[in-house]
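Working notes for the structure below.
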Amino acid sequence: MKKLVFVRHGLSEWNALNLFTGWEDVDLSDKGIEEAKEAGKKIKQANIHFDVAYTSYLKRAIKTCHFVLEESNQLWIPEIKSWRLNERHYGALQGLNKKETADKYGADQVQQWRRSYDTLPPLISEDDSKSATKELKYAHLDKRSIPGGENLKVTLERALPFWEDEIAPSLLKGETVLIAAHGNSLRALAKHIEGISDDDIMALEIPTGQPLVYELNDDLSLIEKYYL
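Under the working numbering, residues 225 to 452 are what the sequence shown spells out, in order.
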């Protein structure tokens with residue numbers, strides 16, 4: 225049996241302010257720090273020992289990973305970061321208040337942007353000062369790989385190569401794996417692992433700071449999943 229644990233980062237400062245966050249590199253809130261630490265305590269109590277941890281390039285996920293590993297006495301394990309585990313890029317919506325955006329464009333439109341599997345948000349151009357192409361952390365990437373906005377379908381297409389090249393091989397070797405990432409990058413991977421339909425994935429919500437355990441067969445098909 226293979227074991228994989230998802231931890232969605234704790235509540236961020238922008239989550240608390242009800243802002244679209246995406247690739248904006250905001251920090252954890254005080255509550256988010258406590259959520260991440262509590263996740264680590266639950267993992268320790270469950271006696272789960274990791275061989276490797278994967279996280280994104282965004283500090284709210286990185287710090288969550290560190291708090292989880294610290295509280296479970298596993299800070300020493302290898303940690304691998306990838307931009308492919310970043311949160312979904314919300315394009316020109318990033319930094320906007322969700323309620324104010326709904327008041328301006330209508331709740332149905334905003335819900336479509338947030339929850340539709342294949343509807344893109346308004347895109348941000350490469351020339352925009354807020355474009356991720358301007359950030360040092362992505363300087364090694366081909367600019368064509370850096371999105372101006374994503375839906376969940378594109379997020380899955382971005383995350384899947386990292387799953388196939390890095391995470392799945394670790395699991396197939398018998399390693400126990402932690403992924404500390406984001407609501408949408410984890411939902412995308414959950415869709416792949418569980419075989420969730422395009423329609424049904426929109427109802428899946430992974431809570432912040434609650435370890436989600438996947439037990440998998442040797443072919444990585446799902447045996448069961450549960451929260452600690």
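The beta-carbon is built from N, C-alpha and C at its ideal position, and this holds for glycine as well.
On a predicted model such as this, the values are computed, not experimentally measured, just so you know.
Inter-segment contact for the stretch 293 to 303 and the stretch 261 to 269 is present: three or more beta-carbon pairs are separated by less than 8 Å. Under the DSSP definition of a beta bridge, ILE403 partners with PHE230, TYR278.
Between the stretch 438 to 452 and the stretch 273 to 289 there are fewer than three C-beta pairs closer than 8 Å, too few to call the two in contact.
Judged by beta-carbon spacing, TRP387 lies beyond the 9 Å limit of ASN310, meaning their Cβ atoms are not closer than that value. Spanning the alpha carbons of GLY398 and MET225 requires a straight line of approximately 8 Å. Cβ-Cβ separation between SER280 and TRP307: approximately 7 Å, consistent with a contact (criterion under 8 Å). The shortest C-alpha to C-alpha distance from GLU262 to any of GLY433, ASN441, ASP442, ALA414 is the one to GLY433. Boundaries of the alpha helix (DSSP H) around LEU293: 283 to 295.
Just so you know, the alpha carbons of THR379 and LEU436 end up roughly 20 Å apart.
Per the C-alpha coordinates, the member of GLN333, LEU413, ASP389, ALA356 positioned closest to LYS377 is LEU413. Put simply, of ARG338, ALA316, ASN321 the residue whose alpha carbon is nearest the alpha carbon of SER353 is ALA316.
PRO431 and ILE425 have their C-alpha atoms roughly 15 Å apart. Rounded to the nearest whole angstrom, the CA to CA distance from ARG338 to ASN375 is 8 Å.
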